[in-house]
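**Q** Each number in my numbering comes from the position in the sequence shown (counting from 1) with 44 added on. To start, I am sharing the structure in question, which I have written as structure tokens.
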Amino acid sequence: MSDFDPNNFAVKNDNFIGLPFDADSANIILLPVPWEATVSYYTGTAQAPAAILAASYQLDLYDADVKDAWKLGIYMPPVSTEIEELNEQTRALASQHIERLEMGEKSIEREVQQINRNCQQLENWVYQQTKDLLAKGKLIGLIGGEHSVPLGYLKALAEKHLSFGILQVDAHFDLREAYEELTHSHASIFYNVLEQIPSVKRIVPVGIRDYCQAEVDYQEFRKEQVKVFYDQEIKEAIFEGSTFSQVCTQIIKQLPQKVYISFDIDGLDPKLCPSTGTPVPGGLELTEVFYLFKKIVQSGREIIGFDLCEVGSTSEFDGNVGARVAYKLANLMGHSLGIIDS
Ligand SMILES: [Mn+2]
45 MSDFDPNNFA
55 VKNDNFIGLP
65 FDADSANIIL
75 LPVPWEATVS
85 YYTGTAQAPA
95 AILAASYQLD
105 LYDADVKDAW
115 KLGIYMPPVS
125 TEIEELNEQT
135 RALASQHIER
145 LEMGEKSIER
155 EVQQINRNCQ
165 QLENWVYQQT
175 KDLLAKGKLI
185 GLIGGEHSVP
195 LGYLKALAEK
205 HLSFGILQVD
215 AHFDLREAYE
225 ELTHSHASIF
235 YNVLEQIPSV
245 KRIVPVGIRD
255 YCQAEVDYQE
265 FRKEQVKVFY
275 DQEIKEAIFE
285 GSTFSQVCTQ
295 IIKQLPQKVY
305 ISFDIDGLDP
315 KLCPSTGTPV
325 PGGLELTEVF
335 YLFKKIVQSG
345 REIIGFDLCE
355 VGSTSEFDGN
365 VGARVAYKLA
375 NLMGHSLGII
385 DS
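Dropping the structure here:
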């Protein structure tokens with residue numbers, strides 16, 4: 045590290061942005077979870093960790109919001125081949141199953157049970173990995189994969205932090221009680237979080253613009269816990285003269301002291317994530333979400349963890365945007381917890 049020059053081009057050393065850290069020396073671990081068993085539209089997010097790593101070498105290390113950000117110490121371990129194999133098996137089963145449903149045929153119970161069991165195995169793996177990293181004092185950014193992957197991480201985090209909130213950037217609510225009969229669906233992550241993790245006292249979804257009646261009803265049922273900022277409401281407030289800064293103040297007011305950020309890349313305008321699993325027109329600009337994150341940190345709140353999910357891999361630009369989001373979130377998380385000053 046002593047001879048590392050942050051002004052130089054990145055060396056392709058198999059670590060994020062070519063940073064000079066390893067599993068021991070890093071403070072922040074970007075844990076890759078190459079999983080897309082339950083995706084229902086475009087595939088490719090299982091390769092997102094590889095796409096983000098490949099694109100990351102193009103980034104500059106300077107971050108205007110966090111001085112000497114590169115010194116925080118970020119490390120991205122290699123992708124687990126065990127999880128890659130489990131993903132491939134499960135994806136094969138799930139795509140047969142989803143095709144059957146789309147043809148109007150009945151599902152095969154044995155097959156559904158096998159998919160759900162494999163998804164549980166993935167959750168257990170994420171839980172154990174993140175629990176071990178937290179025990180070593182590491183901060184973690186989970187790099188999906190589809191949006192179902194953070195459940196095990198949130199369970200591990202909930203053992204360390206007994207009360208926290210989640211800022212969810214997303215086009216979708218993900219509040220379905222199972223989707224396509226799959227209990228661990230990407231469309232059910234926050235239903236599962238609310239039903240299974242009592243330490244999560246508040247969820248603040250931002251950018252929501254594609255959802256069903258049952259999700260609206262469930263949000264209404266959980267309205268003290270789920271404070272939603274629909275994309276349409278945000279845009280209309282701005283059309284009528286509110287500023288984005290005022291919108292951010294309202295969002296931040298709903299967040300407790302400890303904040304976990306769950307960033308589904310499809311919360312952004314799809315021009316920034318063209319090959320994500322389920323792109324939806326509308327959404328936020330990258331500058332807007334980065335401003336919101338910075339304001340959260342400036343409010344004195346702590347970012348205790350994050351995930352970045354649903355980044356596509358079939359166009360190179362998705363990895364480029366994903367790498368920038370991962371770096372900004374890691375930097376602001378470290379800064380909010382006082383690892384380095386700014
Ligand atoms: Mn989502």
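Every residue, glycine too, gets a C-beta built ideally from N, C-alpha and C. Since this is a predicted model, take the numbers as computed values, not measurements.
Taking the continuous beta strand (DSSP E) assigned at aspartate 362, which residues delimit it?
**A** Looking at the DSSP string, aspartate 362 is not in any beta strand (DSSP E); the run it does join, the alpha helix (DSSP H), is 360-380.
**Q** Relative to the C-alpha of glutamine 301, which residue among Gln290, Thr293, Ile347 is closest?
**A** It is Ile347.
**Q** Is DSSP giving lysine 245 helix, strand or coil here?
**A** Of the three classes helix, strand and coil, the one that applies to lysine 245 here is strand, per DSSP.
**Q** State the beta-bridge partners of valine 77 as determined by DSSP.
**A** Gly188.
**Q** Verify whether the separation of the beta carbon atoms of glycine 366 and arginine 253 is less than 8 Å.
**A** No. Outside cutoff.
**Q** Short check: CB of leucine 206 to CB of serine 229, under 8 Å?
**A** For leucine 206 and serine 229, no; Cβs fall outside 8 Å.
**Q** Who sits around ligand 1, taking every residue whose Cβ is closer than 5 Å to one of its heavy atoms?
**A** Residues flagged by the Cβ proximity filter: His191, Asp214, His216, Asp218, Asp308.
**Q** Please classify threonine 274: does DSSP put it in a helix, a strand, or coil?
**A** It is worth fixing the name first, because residue 274 is tyrosine in this sequence and not threonine. Note: tyrosine 274 maps to strand in three-state DSSP.
**Q** As a quick exercise: from Ala67, Val291, Gly88, Met120, pick the residue whose alpha carbon is nearest that of alanine 370.
**A** Of Ala67, Val291, Gly88, Met120, the residue nearest in Cα terms is Met120.
**Q** Out of Gly378, Ser84, Val248, which has the shortest C-alpha to C-alpha gap to glutamate 143?
**A** Of the candidates Gly378, Ser84, Val248, the one whose C-alpha sits nearest the C-alpha of glutamate 143 is Ser84.
**Q** Considering only the beta carbon of each residue, do threonine 134 and asparagine 162 sit closer than 8 Å?
**A** For threonine 134 and asparagine 162, yes; Cβs fall inside 8 Å.
**Q** Flag this pair as touching only if the region 231-248 and the region 297-311 have three or more C-beta atom pairs under 8 Å; answer yes or no.
**A** As far as the Cβ criterion goes, the region 231-248 touches the region 297-311, which means the pair count is three or higher.
**Q** Taking the beta strand (DSSP E) that tyrosine 101 falls in, what are its first and last residues?
**A** Premise fails: tyrosine 101 is in no beta strand (DSSP E) and is neither H nor E.
**Q** In the DSSP output, what is tyrosine 235 paired with across the bridge?
**A** In DSSP, tyrosine 235 forms no bridge with anything.
**Q** If we call anything under 8 Å between Cβ atoms a contact, is aspartate 176 one with aspartate 308?
**A** For aspartate 176 and aspartate 308, no; Cβs fall outside 8 Å.
**Q** Nearest CA to the CA of tyrosine 223: which residue from Phe337, Phe334, Pro76, His141?
**A** Of the candidates Phe337, Phe334, Pro76, His141, the one whose C-alpha sits nearest the C-alpha of tyrosine 223 is His141.
**Q** State the DSSP-derived secondary structure class of glutamate 280, mapped to helix, strand or coil.
**A** DSSP places glutamate 280 in helix when its eight states are reduced to three.
**Q** According to the Cβ coordinates, are arginine 220 and alanine 231 closer than 8 Å?
**A** Contact: yes.
**Q** In chain order, what residues of the same chain lie with their CB nearer than 7 Å to the CB of threonine 358, ignoring the 5 residues before and after it?
**A** Contacts found: Gly88, Ser319.
**Q** Which whole-angstrom value describes the C-beta separation of serine 183 and glycine 349, a residue pair presumed to lie in contact below a C-beta threshold of 8 Å?
**A** What sits at residue 183 in the sequence shown is leucine, not serine. At roughly 7 Å, the Cβ-Cβ gap stays under 8 Å, so leucine 183 and glycine 349 are in contact.
**Q** Does DSSP classify cysteine 353 as helix, strand or coil?
**A** Strand.
**Q** Hey, which unbroken runs of the alpha helix (DSSP H) at 4 residues or more fall wholly within the region 93-159?
**A** Listed in chain order, they are 125-146.
**Q** In chain order, what residues of the same chain have a beta carbon less than 7 Å from the beta carbon of glycine 189, not counting five sequence neighbours either side?
**A** Taken in chain order, the residues that qualify are Val77, Pro78, Trp79, Glu80, Thr89, Ala90, Ala92, Cys353.
**Q** Give a yes or no on whether the C-beta atoms belonging to leucine 373 and glycine 185 are separated by under 8 Å.
**A** In this structure, glycine 185 lies closer than 8 Å to leucine 373 by Cβ.
**Q** When the distance is taken between beta carbons, is asparagine 168 closer than 8 Å to glycine 196?
**A** A contact, by the Cβ cut-off of 8 Å.
**Q** Pull up the distance between the alpha-carbon of glutamine 1 and that of alanine 281, whole angstroms please.
**A** For the chain, the structure presents residues 45 to 386; residue 1 sits outside this window and is missing.
**Q** How many whole angstroms separate the CB atoms of valine 170 and valine 193, which I take to be in contact at a CB cut-off of 8 Å?
**A** With a Cβ gap of about 6 Å, valine 170 and valine 193 count as contacting.
**Q** Using the C-alpha atoms, what's the distance from tyrosine 86 back to lysine 279?
**A** So the two alpha carbons sit approximately 27 Å from each other.
**Q** Straight-line CA distance for aspartate 362 to tyrosine 335?
**A** For aspartate 362 and tyrosine 335, the distance between alpha carbons rounds to 20 Å.
**Q** Return yes when the Cβ of isoleucine 96 is within less than 8 Å of the Cβ of valine 355, no when it is not.
**A** In contact: valine 355 and isoleucine 96 (Cβ atoms closer than 8 Å).
**Q** So which of Glu360, Gln165, Phe208 has the shortest CA-CA distance to threonine 227?
**A** Checked all of Glu360, Gln165, Phe208; the closest Cα to threonine 227 is Gln165.
**Q** Over the uninterrupted beta strand (DSSP E) stretch that includes leucine 211, give me the two end residues.
**A** It spans 208-213 - the beta strand (DSSP E) in which leucine 211 sits, taken as one unbroken run.
**Q** Tell me the rounded alpha-carbon separation between leucine 130 and alanine 138.
**A** The straight-line gap from Cα to Cα measures roughly 12 Å.
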